[in-house]
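Participant:
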């Protein structure tokens, strides 16, 4: 499978990986690689988005993703506005549509939205002329996370095709797993997911993955082991008994890492619960690429904004 | 004496096993005569060639929102929507504010309906005081004031003992207990049907099992008590098969299915990218469930169709999918949606179609309509099976616009609705 990069993105928005063709994914990753070069310069800034306005609308707490977008915007010379609120529009007594229309009145070019409810970016994208970038919506998608994960895998292992990627943890409430399964399977990787059966949503295999209940089965012979955060705040008391028992069966320990290929990558989208889904010896060990994921996040977000603004994948000019 | 002669209609009345070209003479609000040719001297004459004339359609499941939520709908706007949709009678649910759990509220609704003077409005009383599922409401007083059934609709009757007692107590009045079957614990915080589509969309699922569990419980209690159980808006394969088995066992059970559960699947939530007009409870189900609903409608397991007309203000539906209220309106689209699906799509005989919307609902609720027999009240639905229109929410008489069918091209629209001999609705152009 040779995927040729597309010349441009078709959509006005990036609301999910689900909307992207393999060619568009290739274009995003290629462009992100070019963007990485900018970070190595003494002056880490290009004028590509000069005069463009980006609203970072974070309606759910986030540090990593918000900072990553902000850095990406600044490196492209865009003007950023930050709006953070842990409340939803309804809690403020304003409908999502009102929020959207008020933002539109300020004529932003981009709205980067993080929202605790699935589909909020789609509802905004429908109502607005601005380009909407999904920075994570409920348990639905987190497309820039999947793109940065893919960039990391591609750079470390040369290709996505044929890679065996194990993703383990809270499959029911994770947006990272959905975006990753869609992206990796679309690019020719084999994806295995694992988690307690009570956290495996029905039909997840239809996104393009094999389902395992035992972590060991998913990891065996894998090229990449990606652990998901157990969202303790989203769990009731009925999905699994205790964090202690979870670690016992699903924690990524040095012993379990040995079941994967000897040079397998260990990944985590963060923030980690050390000692819950991942042992510190693994998180900080030689196979971990967790911090490189963070670095790649900036380049991927630059690529997304640049391409949505109409960039065509040509080298970034000074 | 007022006289109205409907000429050359195709008269479909399952109560008389009638499906023929006939004239209908209405005198002083009652059906005076049905014959091949009636002399129209002194009568207003309607040429109904090409139209179907049926006993007035009855919707046994609507929410008129008054008292308490007049910004969504009132008895007057809901009645106007009913007659515009071809309905001569509706039964309205008790989840108003205050709840219709006492005779005063029942009387208030009836008074409002009389003031509107359009459709017959039959209130349904609450099973429990305040819909809290704990104490039985004054069912007898409400029946005396005009309630035709009891239901905590919007919620299930959670307490099994209360459900048992309600099924027993209502035998005194020969009215059904209508249950909105769902197990709240199993629903958790679900917002759409649980399956591959909810997984892909990242929305919490409502399993079919959450409905099946409650239908099973209710059937067991109906068998125990001999009370009349009516299952509201059945939406799952499991509900239909259990009702079918229950009927075979001789249990006094009836059930209804909504037009939207027949017309749409959970895929609509994905196709519309989280349009909140695809959010209702029970949720739009997956293909295998929809297929089972059709089987149930075609083999007679399903007794009637009902809209679960649930008006919500546009501002409420403009929220995030998780936050928006459950429910869609249906009165003004029900007839063409179901005509298209069942008569045109499944070749259902017109008499069966009319039975599902008129004869059977009248029987379940023991209402005076459902027939065009001479001497009965002149409630007549006239519809044009060939009329094609595009659903335009802006043209609705309902105070709300929350329909999943906007923009659909449908065939088979109501033309005239006659209530008690009075023309309550007439479409401008044919």
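Protein chains in written order, with the numbering used here: chain A, -4 to 313; chain B, 18 to 447.
Positions of the beta carbon are idealized from the N, C-alpha and C atoms, including for glycine.
Treat the numbers as computed from the prediction; the structure is a model and nothing was measured.
Within 8 Å, do at least three Cβ pairs link the segment 283 to 300 of chain A to the segment 35 to 46 of chain B?
Facilitator: No, they do not touch.
Participant: Just list the alpha helix (DSSP H) runs in the segment 358 to 396 of chain B, keeping only unbroken ones of 4 residues or longer that don't cross its boundaries, in chain order.
Facilitator: You should have 367 to 371 and 377 to 382.
Participant: From the beta carbon of residue 219 of chain B, is the nearest beta carbon of chain A less than 8 Å away?
Facilitator: Yes, residue 219 of chain B counts as interfacial toward chain A.
Participant: Just the C-alpha distance for residue 97 of chain A and residue 0 of chain A, rounded to the nearest angstrom, thanks.
Facilitator: Each residue's alpha carbon lies about 37 Å from the other.
Participant: When the Cα atoms are used, what is the spatial distance from residue 385 of chain B to residue 409 of chain B?
Facilitator: Rounded to whole angstroms, residue 385 of chain B to residue 409 of chain B spans 33 Å at the Cα level.
Participant: Starting from residue 284 of chain B, find everything on chain A with Cβ-Cβ shorter than 9 Å and list it in chain order.
Facilitator: Result: empty, since nearest Cβ-Cβ is about 12 Å, beyond 9 Å.
Participant: Whose Cβ in chain B lies nearer than 8 Å to the Cβ of residue 118 of chain A?
Facilitator: Ordered by position in chain B, the residues that pass the 8 Å Cβ test against residue 118 of chain A are 290, 291, 337 and 338.
Participant: Count the CB pairs spanning the segment 200 to 219 of chain B and the segment 262 to 279 of chain B that are closer than 8 Å, and state whether there are at least three.
Facilitator: Short answer: they don't touch.
Participant: Between the Cα of residue 313 of chain B and the Cα atoms of B/359, B/43 and B/106, which residue gives the shortest distance?
Facilitator: Nearest option by C-alpha distance: B/359.
Participant: At the level of alpha carbons, what is the spacing between residue 276 of chain B and residue 111 of chain B?
Facilitator: Going from the Cα of residue 276 of chain B to the Cα of residue 111 of chain B covers about 21 Å.
Participant: Starting from residue 200 of chain A, follow its DSSP beta bridges and name the residues at the other end.
Facilitator: DSSP, once it has assigned bridges, lists no residue as partnering residue 200 of chain A.
Participant: Can you find a CB in chain B that lies within less than 8 Å of the CB of residue 303 of chain A?
Facilitator: No, no contact with chain B.
Participant: Less than 8 Å between CB atoms is the rule here; does residue 12 of chain A satisfy it with respect to chain B?
Facilitator: Residue 12 of chain A does not count as touching chain B.
Participant: Would you kindly check if the distance between the Cβ of residue 99 of chain B and the Cβ of residue 76 of chain B is under 8 Å?
Facilitator: Going by C-beta atoms, residue 76 of chain B is nearer than 8 Å to residue 99 of chain B.
Participant: Using the beta-carbon of each residue, which ones in chain A are nearer than 7 Å to residue 213 of chain B?
Facilitator: Chain A residues near residue 213 of chain B: 197, 198 and 201.
Participant: Residues of chain C with CB under 7 Å from residue 420 of chain B, in chain order?
Facilitator: Included in the structure are the protein chains A and B, with no chain C among them.
Participant: If you follow the alpha helix (DSSP H) that residue 184 of chain B is part of, which residue opens it and which one closes it?
Facilitator: Element bounds for residue 184 of chain B: 177 to 186.
Participant: Give the secondary structure of residue 222 of chain B by DSSP, where H, G and I count as helix, E and B as strand, and everything else as coil.
Facilitator: If DSSP states are grouped into helix, strand and coil, residue 222 of chain B belongs with the strands.
Participant: Under three-state DSSP, which class holds residue 44 of chain B?
Facilitator: Three-state result, residue 44 of chain B: strand.
Participant: Classify residue 438 of chain B as buried or exposed, calling it buried when 16 or more other Cβ atoms lie within 10 Å of its own Cβ.
Facilitator: Under this definition residue 438 of chain B is a buried residue.
Participant: For residue 115 of chain B, count the other beta carbons within 10 Å of its own beta carbon; 16 or more makes it buried, fewer makes it exposed. Which is it?
Facilitator: Answer is exposed; the Cβ neighbour count stays below 16.
Participant: Please list the partners that residue 200 of chain B has in chain A, where partner means a Cβ-to-Cβ separation under 9 Å.
Facilitator: Under the 9 Å cutoff, chain A gives no residues; its nearest Cβ is about 14 Å from residue 200 of chain B.
Participant: For the segment 283 to 313 of chain B, which segments carrying the beta strand (DSSP E) assignment without a break, of at least 3 residues, lie completely within its bounds, in sequence order?
Facilitator: Counting whole runs of 3 or more residues, the segment 283 to 313 of chain B contains no beta strand (DSSP E) stretch at all.
Participant: Check distances from the C-beta atoms of the segment 295 to 307 of chain B to those of chain A and list, in chain order, the residues that come in under 8 Å.
Facilitator: Taking 8 Å as the Cβ-Cβ cut-off against chain A, none of the residues of the segment 295 to 307 of chain B qualify.
Participant: How would you label residue 56 of chain B, buried or exposed, when you count the other beta carbons within 10 angstroms and need 16 or more for buried?
Facilitator: With fewer than 16 other Cβ atoms within 10 Å, it is exposed.
Participant: Give the residues of chain B in contact with residue 136 of chain A, contact being defined as C-beta atoms less than 8 Å apart.
Facilitator: Within 8 Å Cβ-Cβ: 219.
Participant: Using the beta-carbon of each residue, which ones in chain B are nearer than 7 Å to residue 90 of chain A?
Facilitator: Going along chain B in sequence order, the residues near residue 90 of chain A (Cβ under 7 Å) are 332, 335 and 336.
Participant: Report the start-end ranges of each alpha helix (DSSP H) in the segment 137 to 201 of chain A that is 4 residues or longer and not cut off at the edges.
Facilitator: For the segment 137 to 201 of chain A, whole alpha helix (DSSP H) runs of length 4 or above, ordered along the chain, are 138 to 152 and 170 to 181.
Participant: Going straight from the alpha carbon of residue 171 of chain B to that of residue 149 of chain B, what length do you get?
Facilitator: So the alpha carbons of these two residues sit roughly 11 Å apart.
Participant: Does DSSP put residue 442 of chain B in a helix, a strand or coil?
Facilitator: It is a strand residue.
Participant: Cα-Cα, which of B/21, B/256, B/268 and B/370 is closest to residue 59 of chain B?
Facilitator: Per the Cα distances, B/21.
Participant: The beta strand (DSSP E) spanning residue 75 of chain A covers which residue range?
Facilitator: Where residue 75 of chain A is concerned, the enclosing beta strand (DSSP E) stretches over 74 to 79.
Participant: Does the beta-carbon of residue 9 of chain A have 16 or more other beta-carbons within 10 angstroms, so that it is buried, or is it exposed?
Facilitator: With 16 or more other Cβ atoms within 10 Å, it is buried.
Participant: What is the DSSP secondary structure of residue 104 of chain B, counted as helix, strand or coil?
Facilitator: Reduced to three states, the DSSP call for residue 104 of chain B is strand.
Participant: Taking contact to mean at least 3 C-beta pairs separated by less than 8 Å, is the segment 151 to 163 of chain A in contact with the segment 213 to 220 of chain A?
Facilitator: Yes, since at least three Cβ pairs between the segment 151 to 163 of chain A and the segment 213 to 220 of chain A fall closer than 8 Å, the two stretches touch.
Participant: Got a sec? Which residues, its chain only, sit under 7 Å from residue 424 of chain B by beta carbon, not counting five neighbours each side?
Facilitator: These residues qualify, in order along the chain: 407 and 408.
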